[in-house]
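*Asks:* These protein sequences, in sequence, are chains X, S and W.
The first sequence maps to residues 7 to 320 in my numbering.
The second sequence maps to residues 25 to 301 in my numbering.
The third sequence maps to residues 50 to 579 in my numbering.
Here it is, the structure, as structure tokens.
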Amino acid sequence: MLRYILSRLQSLVLSLIVASIVIFATVEVVPGDPASFMLGMNAQADTIAALREQLGLDVPVWQRYLHWATGLLGGDFGTSYTYRTPISEMIAERLWISLPLAIYALTLSTLIAFPAGILAATRRGSATDVGVMGLTQLGVAIPNFWFAMLMVLVFAINLRWFSAGGFPGWDNPLLAIKALTLPAIALALPQASILARVMRSALLDTLSEDYVRTARAKGLTRRQTLWRHALRNALIPVLTIIGLQFSFLMAGAIIIENVFFLPGLGRLVFQAISQRDLIVVESVVMLLVFAVILVNFAVDIAYAIVDPRLRGTR
Amino acid sequence: MKALLFNRNFAIGLLLTAVFVAGALISFVWTPYDTSGVDIANKLKKPLSDGYLLGTDHFGRDILSMIMVGARTSIAVAFVAVGIGIVIGVPLGLAAAASKGSLMDEIIMRSNDLVFAFPSLVIAILITAIFGPSALNAIIAIGIFNVPVFARLTRGAALSLWQRDYILSARVAGKGPARISFEHILPNVTNLLIVQGTIQFSLGILAEAGLSYVGLGAQPPIPSWGRMLAESQTMISFAPHMALLPGLAIVFTVLGLNLMGDGLRDVFDPRIRREKR
Amino acid sequence: MSLLSISNLNLSIGKKPILRNVSLSVAAGEIVGIIGESGSGKSMTAYCVTQLLPEGLTATGDIRFNGQDILATSEAGMCAIRGAEISMVFQEPMTALNPVHTIGQQVAETILIHEPQTSRSEALERARDALNRVELPANRFPLSRYPHEMSGGQRQRVVIAMAIALRPKLLIADEPTTALDVTTQAEILTLLTRLVREDGMGLMIITHDLAVVADMADHIHIMQKGQVVENGPADRLFQTMQHPYSKALLAASSHVPEREQPQGEAPLLEVRHVVRDYPLPRSALFTKPESFRAVDDVSFTIRKGESLGLVGESGCGKSTLTRAILGLEEIQDGEILLSGEPVFTGKKPNRAVRRKMQVVFQDPYGSFNPRHRVDRLITEPFHLLDSAPSDREDRIAEALRSVGLTPDDAFKYPHEFSGGQRQRIAIARALIIKPELIILDEAVSALDVSIRAQILDLLAELSESHGLTYLFISHDLSVVRSITDRVLVMQHGKIVEQGETQSVFDNPTDIYTQTLIAAAPRLPEDLRNF
């Protein structure tokens, strides 16, 4: 087990290093010079040079990469070109919205998908199965931001149950959670549909395995076979999808924050793009990618907990 | 082919998809109204009024015409993005499978994992932050994301095919890995690729809509479904049809493609076919 | 009164009858063998008894177990019987156990399901006893083992332990040893017989291989197309058989093709001190992979016109050796010469040498690209020639005719043929460039006995008419015995014994060869010339 974790950890670190190089290099190829861009057309050459020095743009590329990367390790993302404030502070503030939103949505999606998928698989071919599959087919096809707009129309504008957007802060956690509810539902819907479909087909696959037949021959009922033997084995593909979904949720959150005017990472990134504040874009992208890689690492560990074959011989 | 048309999923899916593809094609030669001009006199017409089947938007533009032209953008972006994924991903997957366990295989698969860590929206953000938003950059962003999808799928399927005895026979006949990959492996993974292709196509349409919604996709004056939705947002309380109709267009197209994919899989995959009998 | 009695059992899928008027009985302490080729309905009979039929199928007739009417018993009632009164053992030990539970949990589950008042620790203790009874001792096989840490034979023992944990009255074993090597097969059969004798349990053993049950069963039923065509006490059945199918089955099982082949003295294939190492998968990215020696200093010679057998159990290195001879993989040491020329020169396989040998594989279904027509399939070896032959059509027709097919078959796809016919196409593909050596890699192992006999006859005939030399690789000793002149026995990558087939089989000198030959299931000796 330890060896497995170490080997996963090794690839985690490697992925992070490569990802940071890719992101850094992509931003490096940007046409034009950020310093002259920030100061506008009429800036003096020596003002530009001074700013370049201040921003650390006057040293070789590899030194800048090392500087940036070591900064990241200590939680220092650098300074925003536009606001001249530390990016880590800007991100930390926004993260308090984006991260709870992603976790809220993932929880919702799992809570909906598991029962739906299990129900459909156990009653294969029944009206329940056809109904669940039809709904998920629709759920997969609906763009989440459009669903969010429709929910705003119905629940905020017409019924006035929720506010149409904005975030009251975490001073009152209940209000904060309420403000995140519609966005989380919008994010969770397509994910829940995908997950329910995967759950169903994974269960159907395991239910046709030889060891399920063995269990039935031992005298287990269909229901006992499902809970004791099929479900845990079906979790392996389901975990993969949950891991993948996290990256979709992070990305989806960026768009959904726009619908609900939530001051999260998504809003930050769009502001930064329009202000060409590249170092902010770079930092947020790095953070998102870091989160995805970390979640995939967690999924790898979860695999090993579910499946003893991955733990290797002890 | 006959089996396909008798498959309910495929038939419904094909019909839905065909409607939108036809709309997009017709829009090249004819639309009910011109979509480039502004006609403030006729703004915010309700559907089925004054000769506007689906009503008009806040500039008085005909929504049906906008949806037809928007279909063009969605379909073109998604289609090219799937093409990028197949053209780059499939050969990578074939090469990785042919050299299983080698350093090349390792590198291909690890870089795939890495690309998976960048969701298409994140790639799009990076690209637009640097080169500015455009339909082309949306295509590249979605296309890059498709590459590992097809590479993994191809590698997985190819690996199981490489175990077959007919591959060994081909090797005994002196054929090299490249020739075997194209002669024996590729034709036997096409079915899988077609199924995945329709799924990625539908995901591409969703991704394009999302990108243009946040302004990272096709730029004005090119109409696109995502931007129609973005523009409708502030008017949703008094002109809900502006938000409903382009959204429904997305849902039906994606639904159509997914149903087609399901139908294709049912017909291609003998394992599932047997189950249904 | 017998423990299990089946009378007039009928079953059909749609309009297709699967079982027709099957009647048989098993008494306590009796071993009943049910023999049949694939599709004979032998497994379906077993599934009827435990009511584990595929969904939507219902059998008609009468099944009495201990006086109870099985077909009238509810699903809940069947759950109480399965595992406690009637247990089952299946063919595939590799997939029959749940990979995510320990063997202790899985054996204890049988007990806990049927006796819910049992405490967990007591159930585990009884699971331990059951594992001990199937000869999986606690010191080497603790309850905390997972299935993937065990071999196929060991897993089959765990499945048996689960089945007998509650000392059922009837055990049904469906091809319990088909997926196992001969020595393991013999051990499992001995184990099953011992358990039957100890517990006075009835055993219904289902197999396609007459020899497996010939000296174990008390009573034998032979099935064909859903019917019992012949049955009788095992010790007399072979003498009294009446039905043409069972006679044909027996004849095919002990079939020896007639061969008369002038053998030259000139060596055709020379294998000298060959070593093949496999790199093991990397444990992490930049670590140097370790290696495994699959073929260890192997040397032998095949003379022109000879038929040489290579026998060994799975994992002994025979497939690796085959690939090395075919020039598909580089060897780490030694040399392989065909007619004096190296198969592998430098880094490149030698095409001129390669075209002198061809191969026929085991699986008649996986041997052909399903998207190509027969003419394209069998002309694939033309790739080895410097230019495509001008008489392509004639050669296709000739190759197909020589394996007993017609030239028109060239325009069909492989799925239009039966397993035996496909194996004929595979032989046609091997013949088409007129090779000198044909390697038969388990070429008849996947075929039913009657088809196998036909293919063996064809091979014997072809070796005469085409002057072919065979390297016959198989785990099946009886096949090797019937068609080879000399035999090599391979174990752990080494040749442990070689010599004239007859003398090796009659007087094996190596200990492993002795075990192997003793373990091989055999029909009663006086029937071999039947």
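Note that the Cβ used here is the ideal one computed from N, Cα and C, for glycine as well.
Buried or exposed: which applies to W/Thr99, given that a residue is buried once 16 or more other Cβ atoms fall within 10 Å of its Cβ?
*Replies:* As a working note, residue 99 of chain W is residue 50 in the third sequence. Buried is the call here.
*Asks:* Check whether chain X comes within 7 Å of W/Leu241, counting only Cβ atoms and requiring the distance to be less than that.
*Replies:* For the purposes of this step, residue 241 of chain W is identified with residue 192 of the third sequence, where counting begins at 1. It does not: the Cβ of W/Leu241 has no partner Cβ on chain X nearer than 7 Å.
*Asks:* By the 8 Å beta-carbon criterion, what residues does the stretch 131-147 of chain W contribute toward chain X?
*Replies:* Arg131, Gly132, Ala133, Ser136, Met137, Phe139, Glu141, Thr144, Ala145, Leu146 and Asn147
*Asks:* Could you tell me which residues DSSP pairs with W/Leu489 in its beta bridges?
*Replies:* Residue mapping note: residue 489 of chain W aligns to position 440 of the third sequence, counting from 1. Answer by DSSP bridge pairing, in chain order: W/Val409 and W/Phe521.
*Asks:* Within a Cβ cutoff of 7 Å, which residues of the same chain sit near S/Ala105, ignoring the five residues on either side of it in sequence?
*Replies:* One-based indexing of the second sequence puts residue 105 of chain S at position 81. For S/Ala105, where only same-chain residues beyond five positions count, the Cβ hits under 7 Å are Ile163, Ile166, Gly167, Asn170 and Gly228.
*Asks:* Can you pull the chain S neighbours of W/Asp412, defined as C-beta to C-beta under 9 Å?
*Replies:* Here residue 412 of chain W refers to the residue found at position 363 of the third sequence. Per Cβ cutoff of 9 Å: Arg188 and Asp189.
*Asks:* Do X/Gly123 and X/Arg206 count as a contact pair if the criterion is CB distance below 7 Å?
*Replies:* Here residue 206 of chain X refers to the residue found at position 200 of the first sequence. Here residue 123 of chain X refers to the residue found at position 117 of the first sequence. Against a cut-off of 7 Å, the Cβ pair of X/Gly123 and X/Arg206 comes out as a contact.
*Asks:* Is the shortest distance between the beta-carbon of X/Gly171 and the beta-carbons of chain S less than 7 Å?
*Replies:* For the purposes of this step, residue 171 of chain X is taken as the residue at position 165 of the first sequence. With 7 Å as the cut-off, X/Gly171 does not count as an interface residue toward chain S.
*Asks:* When the Cα of W/Arg325 is compared with those of W/Ala477, W/Gly366 and W/Arg246, which residue comes out closest?
*Replies:* Locating residue 325 of chain W in the third sequence gives position 276, where the first residue counts as 1. Nearest C-alpha to W/Arg325: W/Gly366.
*Asks:* Can you name the residues of chain B whose CB is closer than 9 Å to the CB of X/Ile200?
*Replies:* Reference to chain B is not applicable here, since the protein chains of this structure are X, S and W.
*Asks:* Can you tell me whether X/Ile217 is helix, strand or coil according to DSSP?
*Replies:* For the purposes of this step, residue 217 of chain X is taken as residue 211 along the first sequence, with counting starting at 1. According to the sequence displayed, residue 217 of chain X carries Tyr and not Ile. In the structure shown, X/Tyr217 sits in a helix (DSSP, three-state: H, G or I).
*Asks:* For the stretch 172-204 of chain W, enumerate the residues whose C-beta is nearer than 7 Å to any C-beta of chain X, in chain order.
*Replies:* Tyr195, His197 and Glu198
*Asks:* To which residues does DSSP link W/Asn280 through a beta bridge?
*Replies:* As a working mapping, residue 280 of chain W is identified with position 231 in the third sequence. W/Asn280 pairs with W/His270.
*Asks:* Under a CB-based cut-off of 7 Å, is S/Pro201 close to chain W?
*Replies:* Position 177 of the second sequence holds residue 201 of chain S. It does not: the Cβ of S/Pro201 has no partner Cβ on chain W nearer than 7 Å.
*Asks:* How would you call S/Phe52, buried or exposed, if buried means at least 16 neighbouring beta carbons within 10 angstroms?
*Replies:* Here residue 52 of chain S is taken as the residue at index 28 of the second sequence, counted from 1. The residue is exposed, with fewer than 16 neighbouring Cβ atoms inside 10 Å.
*Asks:* Express the C-alpha separation of X/Tyr217 and W/Leu508 in angstroms, rounding to a whole number.
*Replies:* As a first step, residue 508 of chain W is located in the third sequence; it is residue number 459 there, counting from the start. As a first step, residue 217 of chain X is located in the first sequence; it is residue number 211 there, counting from the start. One C-alpha to the other measures close to 40 Å.
*Asks:* To test your reading of the DSSP string, which unbroken beta strand (DSSP E) runs of 3 or more residues are found completely within the stretch 163-250 of chain S?
*Replies:* none
*Asks:* How is X/Tyr110 classed by DSSP in three states: helix, strand or coil?
*Replies:* As a working note, residue 110 of chain X is residue 104 in the first sequence. Reduced to three states, the DSSP call for X/Tyr110 is helix.
*Asks:* Can you look up X/Pro189 in the DSSP assignment and give me helix, strand or coil?
*Replies:* In the first sequence, the residue the question calls residue 189 of chain X occupies position 183. DSSP places X/Pro189 in helix when its eight states are reduced to three.
*Asks:* Would DSSP call S/Ile296 helix, strand or coil?
*Replies:* Walking along the second sequence from the start, residue 296 of chain S turns up at place 272. Residue confidence is low: S/Ile296 scores 43 on pLDDT, short of 50, so the model does not pin down where it sits. Its coordinate-derived value is still stated next. Three-state DSSP puts S/Ile296 in a helix.
*Asks:* Mapping the DSSP letters down to three states, classify W/Ile481 as helix, strand or coil.
*Replies:* As a first step, residue 481 of chain W must be located in the third sequence, where it is residue number 432. Three-state result, W/Ile481: coil.
*Asks:* Taking W/Gln540 as part of the beta strand (DSSP E), name the residues at either end of that continuous run.
*Replies:* Translated into the one-based positions of the third sequence, residue 540 of chain W becomes position 491. That run of the beta strand (DSSP E) goes Arg535 to Gln540.
*Asks:* Just checking: is the beta-carbon of X/Ile163 within a distance shorter than 7 Å of some beta-carbon in chain S?
*Replies:* The residue you call residue 163 of chain X lines up with position 157 of the first sequence. For X/Ile163, the answer is yes, since a Cβ of chain S falls inside 7 Å of its Cβ.
*Asks:* With DSSP collapsed to three states, give me the class of X/Ala308.
*Replies:* Here the question's residue 308 of chain X lines up with position 302 in the first sequence. Reduced to three states, the DSSP call for X/Ala308 is helix.
*Asks:* According to DSSP, what are the bridge partners of W/Leu58?
*Replies:* By one-based count along the third sequence, residue 58 of chain W stands at place 9. W/Leu58 pairs with W/Val71.
*Asks:* Mind checking if S/Val196 is an interface residue toward chain W, Cβ cutoff 7 Å exclusive?
*Replies:* Here the question's residue 196 of chain S lines up with position 172 in the second sequence. True, the Cβ-Cβ gap to chain W drops below 7 Å.
*Asks:* For the stretch 136-150 of chain W and the stretch 216-236 of chain W, state whether three or more C-beta atom pairs, one from each stretch, are separated by less than 8 Å.
*Replies:* yes
*Asks:* Assuming W/Ala133 and X/Gly225 make a contact with CB atoms under 8 Å, what is their CB distance in whole Å?
*Replies:* Translated into positions along the third sequence, residue 133 of chain W becomes position 84. Translated into positions along the first sequence, residue 225 of chain X becomes position 219. Confirmed, about 6 Å.
*Asks:* Contact check, W/Arg308 vs W/Ser512 under 8 Å by CB: the rounded distance?
*Replies:* Position 259 of the third sequence, counted from the start, is the residue given in the question as residue 308 of chain W. Position 463 of the third sequence, counted from the start, is the residue given in the question as residue 512 of chain W. That pair is a contact at about 7 Å.
*Asks:* Pick from S/Arg134, S/Thr80, S/Phe44 and S/Gly156: whose alpha carbon is nearest that of S/Val93?
*Replies:* Here residue 93 of chain S corresponds to residue number 69 of the second sequence, with the count starting at 1. Nearest C-alpha to S/Val93: S/Phe44.
*Asks:* Answer yes or no: does any C-beta atom of chain S fall closer than 7 Å to that of W/Val408?
*Replies:* The sequence position of residue 408 of chain W within the third sequence is 359, counting from 1. Yes, contact with chain S.
*Asks:* Please state whether DSSP places W/Glu247 in a helix, a strand or coil.
*Replies:* Against the third sequence, residue 247 of chain W aligns to sequence position 198. Residue state, collapsed to three classes: helix.
*Asks:* Which residues does DSSP pair with W/Arg342 in a beta bridge?
*Replies:* As a first step, residue 342 of chain W is located in the third sequence; it is residue number 293 there, counting from the start. Note: W/Arg342 sits in a beta bridge opposite W/Asp326.
*Asks:* Any chance the stretch 62-74 of chain W sits against the stretch 278-292 of chain S, with 3 or more Cβ pairs inside 8 Å?
*Replies:* No, because fewer than three Cβ pairs between the stretch 62-74 of chain W and the stretch 278-292 of chain S fall closer than 8 Å, the two stretches do not touch.
*Asks:* Helix, strand or coil for W/Lys65? Go by DSSP, reduced to three states.
*Replies:* Against the third sequence, residue 65 of chain W aligns to sequence position 16. Strand, per DSSP.
*Asks:* Excluding five sequence neighbours on each side, which residues of the same chain lie with their C-beta closer than 6 Å to the C-beta of S/Ile274?
*Replies:* Here residue 274 of chain S refers to the residue found at position 250 when the second sequence is read from its first residue. These residues qualify, in order along the chain: Ala233 and Trp249.
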